[in-house]
Amino acid sequence: MVTETDGVILRQTKTVNDRIILVLLTRKLGKISAGTGTRTFGKRKSSLPLRAFTHGRYQLYSGRQIYNVDSADVIESFYGIGENPDSFFCASYVLEFTDRVLPEGMPAEHVLDTLTGMLRILSRRKTRLKSLLLMYQWKVLQILGYMPGLDACVRCGSTEEPAGLSVVDGGIICGHCRDSGTVNMRLLYELNFDIIQILKFIQKNEIEAFSKLTFRDDTAEHLGRILESYLSYHLDVRDLRSASYINFD
Ligand SMILES: [Zn+2]
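When you read off a place in the sequence shown, starting at 1, and then add 27, the result is the number in the working numbering.
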């Protein structure tokens with residue numbers, strides 16, 4: 028059966044006989060693995076649709092075990108990413124992060140649109156990439172259903188001033204609940220007005236609205252710590268490989 032869908036390559040690995048296995052985030056099938064036979068791409072191994080940072084259209088043939096890419100065309104190439112090392116490392120991290128948090132086969136159209144939007148911004152924006160990266164990561168967590176509850180205490184519903192963000196409880200909690208003795212204090216994070224407003228902004232807007240926004244360094248650092256804790260506790264995601272290359276601000 029042949030399926031035509033657009034998508035972005037998240038990862039590629041080479042196997043025996045120079046066969047390349049792609050992990051693709053597609054509109055119709057979610058995240059899938061697909062092989063590229065030398066039969067199809069023998070003469071055009073370096074063809075653009077199979078390069079990173081490209082939004083492509085793929086014809087997929089479903090074989091016995093995995094899909095095979097029959098043909099591929101470029102919809103949009105984000106070649107600007109390769110012109111700046113920081114953009115390149117940030118975009119590499121974005122692809123690895125997206126790959127790690129998404130299970131195979133889950134419908135992920137909103138994630139795909141957010142990813143292509145992010146790559147488009149990264150092909151133009153060269154500075155203050157940390158803020159942008161954090162907004163992307165929180166947006167994807169929201170799409171996957173992991174955005175913290177921010178409107179009232181997630182334990183008792185109280186709308187009084189929040190006393191912190193509890194990763195285990197999945198949102199803000201009030202002073203009364205914090206002092207109840209049943210909260211995991213190690214995974215409780217202090218909050219300030221900025222953090223709640225930023226998370227609400229991310230919640231209400233799509234990636235295009237993030238293109239010019241930046242945070243103060245201490246705010247970015249705090250948001251990053253909460254994010255790491257969320258990823259580790261709720262999704263069992265830690266130690267992203269490309270993180271070690273990232274040292275931009
Ligand atoms: Zn409460």
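Each residue gets a CB set at the ideal place from its N, CA and C atoms; glycine is no exception.
Alpha carbon to alpha carbon, how far is residue j from residue i? Give it in angstroms, no decimals.
| i | j | result |
| --- | --- | --- |
| V195 | M174 | 12 angstroms |
| S259 | Y106 | 32 angstroms |
| S193 | N211 | 8 angstroms |
| K70 | G191 | The predicted model places K70 with a pLDDT of 49, which falls under 50 and marks its position as unreliable; any figure quoted below should be read in that light. Their Cα atoms are separated by approximately 58 angstroms. |
| L87 | C183 | 49 angstroms |
| I47 | R38 | 10 angstroms |
| E110 | L149 | 11 angstroms |
| I199 | L168 | 16 angstroms |
| H112 | E187 | This sequence places Pro at residue 112; His is not what is there. One C-alpha to the other measures close to 45 angstroms. |
| Q164 | R155 | 15 angstroms |
| A236 | V43 | 44 angstroms |
| S256 | L214 | 7 angstroms |
| S185 | C117 | 39 angstroms |
| T81 | E103 | 6 angstroms |
| L171 | Q230 | 12 angstroms |
| I222 | T143 | 26 angstroms |
| D51 | D206 | Per the sequence shown, the amino acid found at residue 51 is Leu instead of Asp. Rounded to the nearest angstrom, the two C-alpha atoms are 46 angstroms apart. |
| R127 | R151 | 25 angstroms |
| R243 | D45 | 46 angstroms |
Less than 7 angstroms between the CB of residue i and some heavy atom of ligand 1, yes or no?
| i | result |
| --- | --- |
| I200 | yes |
| S293 | The structure shown does not extend to residue 293, since the chain is modelled only from 28 to 276, so the question has no answer here. |
| C117 | no |
| S185 | yes |
| R182 | yes |
| H137 | no |
| H203 | yes |
Have a look at the options and flag the residue whose alpha-carbon is nearest the alpha-carbon of residue i.
| i | options | result |
| --- | --- | --- |
| K157 | I200, F115, S98 | F115 |
| D178 | N111, F228, E31 | F228 |
| G251 | I225, E31, E233 | I225 |
| K153 | T241, G62, T30 | T241 |
| D245 | E217, R268, H261, R265 | E217 |
| V181 | E233, V264, C204 | C204 |
| V29 | F80, R91, D45 | R91 |
| S89 | G62, C201, I108, I253 | G62 |
| T53 | E31, T40, K41, D45 | E31 |
| V121 | I234, M145, D100, D33 | M145 |
| K41 | G34, V35, L49 | L49 |
According to DSSP, is residue i part of a helix, a strand, or is it coil?
| i | result |
| --- | --- |
| N44 | helix |
| G132 | coil |
| D97 | strand |
| E255 | helix |
| R38 | strand |
| K72 | Because K72 sits at a pLDDT of 48, beneath the cut-off of 50, its placement in the model cannot be relied upon, and the following sentence gives the value as read from the coordinates. K72: coil per DSSP, three-state reduction. |
| Q92 | coil |
| K58 | strand |
| Y106 | helix |
| Y85 | strand |
| S119 | helix |
| G184 | coil |
| G208 | coil |
| D245 | helix |
| L171 | coil |
I'd like to know if the stretch 56 to 63 and the stretch 121 to 140 are in contact, where contact means that at least 3 CB-CB pairs between them fall below 8 angstroms.
They touch, by the three-pair rule.
With three or more C-beta pairs closer than 8 angstroms as the rule, is the stretch 138 to 147 touching the stretch 83 to 99?
No contact exists between the stretch 83 to 99 and the stretch 138 to 147.
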